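Q: Sharing a structure, written as structure tokens. Questions coming.
Number of protein chains: 2
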Amino acid sequence: MTDLRLAPKTKRPAGEPCCEPVVYPDIERAQAERMAEVAKALGDPVRMQLVDVLRKHAGEVCVCELVPLFELSQPTVSHHLKKLRDAGIVGSERRGLWAYYYVEPEALEELAAWLG
Amino acid sequence: MTDLRLAPKTKRPAGEPCCEPVVYPDIERAQAERMAEVAKALGDPVRMQLVDVLRKHAGEVCVCELVPLFELSQPTVSHHLKKLRDAGIVGSERRGLWAYYYVEPEALEELAAWLG
DNA sequence: TATGTAGATCGATGAGCGTCGATCCCGCCG
DNA sequence: CGGCGGGATCGACGCTCATCGATCTACATA
Chain B
488 MTDLRLAPKT KRPAGEPCCE PVVYPDIERA QAERMAEVAK ALGDPVRMQL VDVLRKHAGE
548 VCVCELVPLF ELSQPTVSHH LKKLRDAGIV GSERRGLWAY YYVEPEALEE LAAWLG
Chain A
488 MTDLRLAPKT KRPAGEPCCE PVVYPDIERA QAERMAEVAK ALGDPVRMQL VDVLRKHAGE
548 VCVCELVPLF ELSQPTVSHH LKKLRDAGIV GSERRGLWAY YYVEPEALEE LAAWLG
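Heads up: the protein sequence lines correspond to chains B and A, in order.
All letters in the first sequence, in the order written, are residues 488 to 603 by my numbering.
All letters in the second sequence, in the order written, are residues 488 to 603 by my numbering.
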């Protein structure tokens, strides 16, 4: 682990960076992009509650049960569910008239592991 | 744990909701808003990498070391650091010309616990 | 005091987001 | 076949965001 606590020297030749360059492997970038995509999908109170309900019920839930949980129109809830599906956090299945959503459990694992 | 897997009955009296109402304590809402705020701040690859660097170095890091890690202008990196500070994820301290940032360890605890 | 430097702030710009009503699609049932 | 109802999609609106160059503030040093 590199120690970055050193204060950079002032009065340095022009054109040089102000500090020792920190080695920063680009491997991190792909992981950061994946985790940021998941975090972004969770970065809305409605979607956070949707995932929370789906997780707590440990099975599939009908959309017609999710809509009345919020004071929002049905297209808005559908839009949030689509966001979660695009991020890979939830999956859906249509059976007859109804659509059922469920959590995709592996989707949150990387972020959870990173958060420790 | 309520079982939501039951399909709602069709052919119901008009005006009634389509399903049994799910008890949904409003206590969740405040927590969802707090966690969504944190997740939103993490929902950008640059900020995710910033937090990752700060966490891995387990101490304070000078801004002049953070800026060259990204192909971004200094004001943009400063903007991202402000977002993280507003969300309570990082703190900062100025010493002389330089500013140092560090992770606020409690900020991620609630989200980490929720993710399991 | 004057100059240079680190970092924050400002203003603008273009892209994206959350929300809604209206509409479309497609199974269901009389 | 025809109508209904659940859910997804569309188009629009207002707001937020990420990014930049320019500027501002505060400190350090000559």
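Note that the Cβ used here is the ideal one computed from N, Cα and C, for glycine as well.
All figures in this text were calculated on a predicted structure; none of them were measured in a lab.
Mapping the DSSP letters down to three states, classify Ser560 of chain B as helix, strand or coil.
A: DSSP places Ser560 of chain B in coil when its eight states are reduced to three.
Q: Using a Cβ-Cβ distance under 8 Å, would Ala586 of chain B count as near chain A?
A: False, the Cβ-Cβ gap to chain A never drops below 8 Å.
Q: Smallest Cα separation from Ala517 of chain A: which of B:Arg581, B:Asp531, B:Pro555 and B:Glu593?
A: Answer by Cα proximity: B:Asp531.
Q: Can you name, in chain order, every residue of its own chain whose Cβ lies under 6 Å from the Cβ of Leu595 of chain B, other than the five neighbours on each side?
A: Same-chain partners within the cutoff: there are none.
Q: Between the stretch 536-556 of chain A and chain B, which residues of the former have CB atoms less than 8 Å from a CB of the latter, in chain order?
A: Cβ contacts with chain B: Gln536, Asp539, Val540, Lys543, His544, Ala545, Gly546, Glu547, Val548, Cys549, Cys551, Glu552, Pro555 and Leu556.
Q: Pick from A:Glu547, A:Asp539 and A:Ala574: whose alpha carbon is nearest that of Glu520 of chain B?
A: Here the closest residue by C-alpha is A:Asp539.
Q: Determine, using beta-carbon pairs with one atom in the stretch 544-563 of chain A and one in the stretch 571-579 of chain B, whether at least three such pairs fall under 8 Å.
A: The stretch 544-563 of chain A vs the stretch 571-579 of chain B: no contact.
Q: When we look at the beta-carbon of Glu503 of chain A and count the other beta-carbons within 10 Å, is it buried (16 or more) or exposed?
A: Summary for Glu503 of chain A: the model assigns pLDDT 39, below 50, so the residue's position carries little reliability; its value from the coordinates is reported in the next sentence. It is exposed - the Cβ of Glu503 of chain A has fewer than 16 other Cβ atoms within 10 Å.
Q: Residue range of the alpha helix (DSSP H) that Ala528 of chain B falls in?
A: From DSSP, the alpha helix (DSSP H) with Ala528 of chain B extends over Ile514 to Leu529.
Q: By a C-beta neighbour count over all protein chains shown, 10 Å radius and 16 as the cutoff for buried, is Arg534 of chain B buried or exposed?
A: Under this definition Arg534 of chain B is a buried residue.
Q: On the CB-based measure, 16 or more other CB atoms within 10 Å of its CB, does Leu584 of chain A come out buried or exposed?
A: By the 10 Å Cβ count, Leu584 of chain A comes out exposed.
Q: Quick one: is Leu493 of chain A buried, meaning 16 or more other Cβ sit within 10 Å of its Cβ, or exposed?
A: Low per-residue confidence applies at Leu493 of chain A: pLDDT is 37, beneath 50, and the placement is therefore not dependable, though the value from the model is reported in the following sentence. Exposed, because fewer than 16 other Cβ atoms sit within 10 Å of the Cβ of Leu493 of chain A.
Q: Can you pull out the residues from the stretch 559-577 of chain A whose beta carbon lies closer than 8 Å to at least one beta carbon of chain B?
A: Of all residues in the stretch 559-577 of chain A, none has a Cβ within less than 8 Å of some Cβ in chain B.
Q: So what's Ala574 of chain B in DSSP terms, helix, strand or just coil?
A: Coil at Ala574 of chain B, not helix or strand.
Q: Look up Cys549 of chain A in the DSSP assignment and give the residues it is bridged to.
A: In DSSP, Cys549 of chain A forms a bridge with A:Tyr587.
Q: Are any of the Cβ atoms in chain A nearer than 8 Å to that of Arg581 of chain B?
A: Taking Cβ atoms only, chain A never reaches closer than 8 Å to Arg581 of chain B, which makes this a no.
Q: Just the Cα atoms here: how many angstroms apart are Glu597 of chain A and Pro555 of chain A?
A: So the alpha carbons of these two residues sit roughly 31 Å apart.
Q: Pick out whichever of A:Glu580, A:Val550 and A:His544 has its Cα sitting closest to the Cα of His567 of chain A.
A: Of A:Glu580, A:Val550 and A:His544, the residue nearest in Cα terms is A:Val550.
Q: Could you spell out the range, first to last residue, of the alpha helix (DSSP H) harbouring Ala594 of chain B?
A: Element bounds for Ala594 of chain B: n/a, residue is neither H nor E.
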